[in-house]
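Accompanying notes for the structure given below.
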Amino acid sequence: MDKFTVARMLDEISRYIELSDPNPFKARAFEKAARAVENLEEDIVTLVESGGLKDVSGVGKATGQVIEEIVRTGGSPYLEELRAQYPPGIFELLRVPHLGLKKIGVVYSELGVASIDQLEEAARSGALNKLKGFGAKTTEQILKGVAFARMRESQFLLPVGIEVGELIRERLADFDEIEDAEVSGSVRRRLEVIRNVNIVVATKKPEAVVARLSDLVADVEQLDDTTYRGVARGEVPVLFHLAAPAEFGSVLLRTTGSEEFVEAFGKIAKAKSETDVFKKADLAYVEPERRENAEDLQRKTRRKLVELANLRGTFHVHTTFSDGRNSMQEMLSAAHQRGWEYVGISDHSPTAYYAGGLSPERLKEQHAEIRRHERDVAPMRVFRGTEADILQDGTMDYGPKILSKLDFVIASVHSNFKMDKDEMTDRILRAMDDPNVTFIGHLTGRKLLAREGYTVEYERIFEKAGQRGVMIEINGNPNRLDLDWRHIHRAVDHGVTFSINPDAHSIGEYNAVITGTWVARKGGLSAKHIFNTKTVDEVAEFFASRHAS
DNA sequence: GCCGTTTTCGGCCCGACTGTTTTCAGTCG
Numbered sequence: 003m004d005k006f007t008v009a010r011m012l013d014e015i016s017r018y019i020e021l022s023d024p025n026p027f028k029a030r031a032f033e034k035a036a037r038a039v040e041n042l043e044e045d046i047v048t049l050v051e052s053g054g055l056k057d058v059s060g061v062g063k064a065t066g067q068v069i070e071e072i073v074r075t076g077g078s079p080y081l082e083e084l085r086a087q088y089p090p091g092i093f094e095l096l097r098v099p100h101l102g103l104k105k106i107g108v109v110y111s112e113l114g115v116a117s118i119d120q121l122e123e124a125a126r127s128g129a130l131n132k133l134k135g136f137g138a139k140t141t142e143q144i145l146k147g148v149a150f151a152r153m154r155e156s157q158f159l160l161p162v163g164i165e166v167g168e169l170i171r172e173r174l175a176d177f178d179e180i181e182d183a184e185v186s187g188s189v190r191r192r193l194e195v196i197r198n199v200n201i202v203v204a205t206k207k208p209e210a211v212v213a214r215l216s217d218l219v220a221d222v223e224q225l226d227d228t229t230y231r232g233v234a235r236g237e238v239p240v241l242f243h244l245a246a247p248a249e250f251g252s253v254l255l256r257t258t259g260s261e262e263f264v265e266a267f268g269k270i271a272k273a274k275s276e277t278d279v280f281k282k283a284d285l286a287y288v289e290p291e292r293r294e295n296a297e298d299l300q301r302k303t304r305r306k307l308v309e310l311a312n313l314r315g316t317f318h319v320h321t322t323f324s325d326g327r328n329s330m331q332e333m334l335s336a337a338h339q340r341g342w343e344y345v346g347i348s349d350h351s352p353t354a355y356y357a358g359g360l361s362p363e364r365l366k367e368q369h370a371e372i373r374r375h376e377r378d379v380a381p382m383r384v385f386r387g388t389e390a391d392i393l394q395d396g397t398m399d400y401g402p403k404i405l406s407k408l409d410f411v412i413a414s415v416h417s418n419f420k421m422d423k424d425e426m427t428d429r430i431l432r433a434m435d436d437p438n439v440t441f442i443g444h445l446t447g448r449k450l451l452a453r454e455g456y457t458v459e460y461e462r463i464f465e466k467a468g469q470r471g472v473m474i475e476i477n478g479n480p481n482r483l484d485l486d487w488r489h490i491h492r493a494v495d496h497g498v499t500f501s502i503n504p505d506a507h508s509i510g511e512y513n514a515v516i517t518g519t520w521v522a523r524k525g526g527l528s529a530k531h532i533f534n535t536k537t538v539d540e541v542a543e544f545f546a547s548r549h550a551s
């Protein structure tokens, strides 16, 4: 039993309580206990055995008993009891925007609504309208939300596609009838949101392969002579493209797309490898990430794209000091294990209350904690930073006195998302005027498949960033991937430098530098455009020069 | 439900926004 499993169960209990209990603090108590468990330094099993659980702040009599039961038996009778009171899948309703646990609790207890279909029916029939607290506008909003949730059902974040594709490819490798298999389509192009997973299979015995597809995916159906469709994980469509080995390269190129790119390519000669297809067409090879537009094919000069191995370190890393899930020690040691030359720690600033933003005193404690652990990770260097809020008027959270003492400052918008384009642009431009600001974090605040970002005038921001030497973050968190790769070339024109940052809230989320690198490649960036390909000395020198100017 | 106390009950992380209200509740970040 590990602490994260315990925390997940406590979170689930918290959600059930919020559905039915009018006292919001009871649900929050379980949530708090979940966070306390996640942040435990000691092994949870040892802690329970030694009776030390009662000394953990945020864990009391009731939550302590639940935790103990989970650790000892793997389950919780209390949670089972709660689960039994509601239909399974009721939390799917959370996918509808503006519908929270309180309202879900009401629609279930009053109308028995426990699925998106039932919710839509209740909205259309007018039953929803009759409930206390639900007016015409709420009904309208919910109907829109239902449509949004349905639309999202058929779209997936890139890592889902990567994982499904790789797992199937690995299993295909065990098939004797298969000579080669490769993921193609939008997953291979590393598009941030995908609709399906495409896999090209080279085989001389297509019938034998088809007979075994149902071992890999459900609901197998034939689309045409060489294409079969199935469903992975109960929701992700997978397309299998069967090819004779001599045509593997041509089919790979055609099914990788994009449609526009393939059309621009013209006649695709039959070939075993993709590089041969390019050769036969007398065209220079184009990396899959760069195959979105016709221009990608026609471009005369091709930069060498940045690679993950070029990154010597990274910035934008949270710890348990604010809303991260791993301690300073864990985050530093995980960065060290990745072989990085440096890492930049940046917890939230005070205005981000909901994320546990650091008061000036806590910031000092954080620095003391860095000092305690940085020798253990030497020679890796630890840079002291912050992810500071850009306030509504464009000034920075924390005063210049604090900001000027830090190695770097990531300036991010976390509030008042609904400002209009000009206001929001002015707000960010003003932040860039602050000499202490080093990076602009997640430029539009978007959450893929969840919410639109705020709108900004890219041209004005890139121009200023170029002039002021402020770097634009490529936030590699797969939910964000913000800056959008479609705008990168315009920033390059203004001489902007980028930083591939993970926005890591746990050691696992350091992997966001991988997705971030894909975005940089899609935007056509080389190592020279990326700040965190620089050596530790170059980085330190740059930070020092910012303070001197 | 948890915490802390001038110890056994009152407060709990804040602000903006929206819709439903006529003074507030729910959602979101």
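Just so you know, we're using our numbering here: the first sequence kicks off at 3 and counts up by one.
In this text, a Cβ means the ideal position worked out from N, Cα and C, and glycines have one as well.
Beta-carbon spacing of residue i, residue j below 7 Å
i    : j    : result
V233 : H243 : no
T499 : V458 : no
L215 : Y230 : yes
H444 : D391 : no
P504 : P161 : no
D325 : G346 : no
S501 : E540 : no
K449 : W487 : no
T388 : V411 : yes
A151 : V108 : no
T321 : N41  : no
V538 : Y344 : yes
V279 : L255 : yes
H416 : A354 : yes
L451 : R10  : no
A204 : F136 : no
L515 : G478 : In the sequence as displayed, the identity of residue 515 is Val instead of Leu. Contact: yes.
Rounded straight-line distance, which links the Cα of residue j to that of residue i
i    : j    : result
E172 : P239 : 18 Å
G167 : E181 : 17 Å
I106 : Y18  : 10 Å
W342 : M382 : 7 Å
I15  : G114 : 20 Å
E465 : F533 : 18 Å
Y110 : A116 : 6 Å
V8   : H489 : 42 Å
A245 : S186 : 13 Å
S547 : L313 : 22 Å
A183 : R191 : 16 Å
S78  : V472 : 51 Å
L285 : V199 : 27 Å
K282 : V202 : 21 Å
T316 : I372 : 16 Å
M421 : K403 : 29 Å
G128 : I92  : 21 Å
E20  : E82  : 16 Å
Y80  : E51  : 21 Å
R197 : Q368 : 43 Å
I118 : L95  : 6 Å
Simplified DSSP state of residue i, which is helix, strand or coil
i    : result
S207 : Reading off the sequence, residue 207 comes out as Lys, not Ser. If DSSP states are grouped into helix, strand and coil, K207 belongs with coil.
G114 : coil
A213 : helix
R221 : First, the amino acid is wrong: residue 221 is Asp here, not Arg. Strand at D221.
R453 : strand
T517 : helix
R10  : helix
R482 : coil
Y18  : helix
E181 : strand
S547 : helix
S2   : Residue coverage of the chain in this structure runs from 3 to 551, which leaves residue 2 outside it and unanswerable.
D4   : coil
Practice problem: Only counting runs of 4 or more residues, tell me where the alpha helix (DSSP H) segments fall wholly within the segment 257-305, in order along the chain. | Solution: 261-267, 276-282, 296-300
Practice problem: Would you be able to state if there are at least three C-beta pairs under 8 Å between the segment 508-516 and the segment 320-338? | Solution: yes
Exercise. Could you say if the segment 386-401 and the segment 430-449 meet the contact criterion of at least three C-beta pairs nearer than 8 Å?
Key: yes
Practice problem: Report yes or no: do three or more beta-carbon pairs, one from the segment 436-448 and one from the segment 398-410, lie closer than 8 Å? | Solution: yes
Practice problem: For the segment 111-173, list the alpha helix (DSSP H) runs that are entirely contained and at least 4 residues long, ordered along the chain. | Solution: 118-127, 138-155
Self-check item: Length at least 4, wholly inside the segment 366-440: the alpha helix (DSSP H) runs in chain order
Solution: 402-405, 423-435
Quiz item: Given 8 Å as the limit, is there contact between the segment 514-528 and the segment 305-313, that is, 3 or more CB pairs closer than that?
Solution: yes
Quiz item: Taking three-plus beta-carbon pairs below 8 Å as touching, is the segment 258-265 in contact with the segment 290-306?
Solution: yes
Self-check item: Stretch pair the segment 57-68 + the segment 33-49: three plus CB contacts closer than 8 Å
Solution: yes
Self-check item: At least three beta-carbon pairs within less than 8 Å, the segment 45-57 to the segment 69-87
Solution: yes
Self-check item: Inside the segment 492-539 only - alpha helix (DSSP H) runs reaching at least 4 residues
Solution: 514-524
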